[in-house]
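Enquirer: Numbering (my numbering), first residue to last: 1020 to 1193.
Sending over a structure as structure tokens; questions will come in a sec.
Below is the structure:
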């Protein structure tokens, strides 16, 4: 009887002291599974609005919405003029450190405002979300633009345009 009790105690001790191999295997995950479980966290991207510029009337646009990526100072000068007044300060973009982009809407006689809501880099795609609001009818036609820059070192291969949360266009950044 004593030997049976000792045997049962020994069996009980060994079964509780050895970890369950199955449980260990379940909690381990492969590197591939770890990557799948980790979602890319969007990184906020700082943008700077360029003010005091207008789109030259030599630019013709057929689409309602267009995202322009401006590659250099010559292209910028061909597209945009300076709207200097006595009170504004014009800051020209530095193409060595910044990428220049413009959201351009089709000319309209409806008052339109464009504001950038957010810019985030997620998995190599720069998501730019704009809020576009329309107002009253104007007695003239204008072409709404939002001209902005962001750091050239942002690790994005594409820029995705979202208007009021709706995907509109994707452009490559090269």
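Ideal placement from N, C-alpha and C gives every residue a C-beta, glycine not left out.
Quick one: give me the first and last residue of the beta strand (DSSP E) that residue 1166 is part of.
Expert: 1164–1170
Enquirer: If you compare alpha carbons, which of 1068, 1187, 1101, 1126 is closest to residue 1156?
Expert: Nearest of 1068, 1187, 1101, 1126 to residue 1156, Cα basis: 1126.
Enquirer: Within 10 angstroms of the Cβ of residue 1170, are there 16 or more other Cβ atoms? Answer buried if so, exposed if not.
Expert: Exposed, since its Cβ has fewer than 16 Cβ neighbours within 10 Å.
Enquirer: Secondary structure at residue 1107, three-state DSSP: helix, strand or coil?
Expert: coil
Enquirer: Exposed or buried, what is residue 1159 when buried is set at 16 or more other beta-carbons lying within 10 Å of its beta-carbon?
Expert: exposed
Enquirer: Ordered along the chain, which non-local residues of its own chain (more than five positions away) have a Cβ less than 7 Å from that of residue 1092?
Expert: Answer for residue 1092: 1114, listed in chain order.
Enquirer: Ends of the alpha helix (DSSP H) at residue 1098?
Expert: Here the alpha helix (DSSP H) through residue 1098 covers 1092–1098.
Enquirer: For residue 1118, does the count of other Cβ atoms within 10 angstroms reach 16, so buried, or fall short, so exposed?
Expert: buried
Enquirer: Could you tell me the boundaries of the beta strand (DSSP E) in which residue 1157 lies?
Expert: 1144–1161
Enquirer: Output the distance between the C-alpha atoms of residue 1172 and residue 1181, rounded to the nearest integer angstrom.
Expert: 22 Å
Enquirer: At the level of alpha carbons, what is the spacing between residue 1183 and residue 1149?
Expert: Rounded to whole angstroms, residue 1183 to residue 1149 spans 6 Å at the Cα level.
Enquirer: Would you identify the three-state DSSP class for residue 1125, choosing helix, strand or coil?
Expert: coil
Enquirer: Going by DSSP, what residue range makes up the beta strand (DSSP E) through residue 1085?
Expert: 1084–1089
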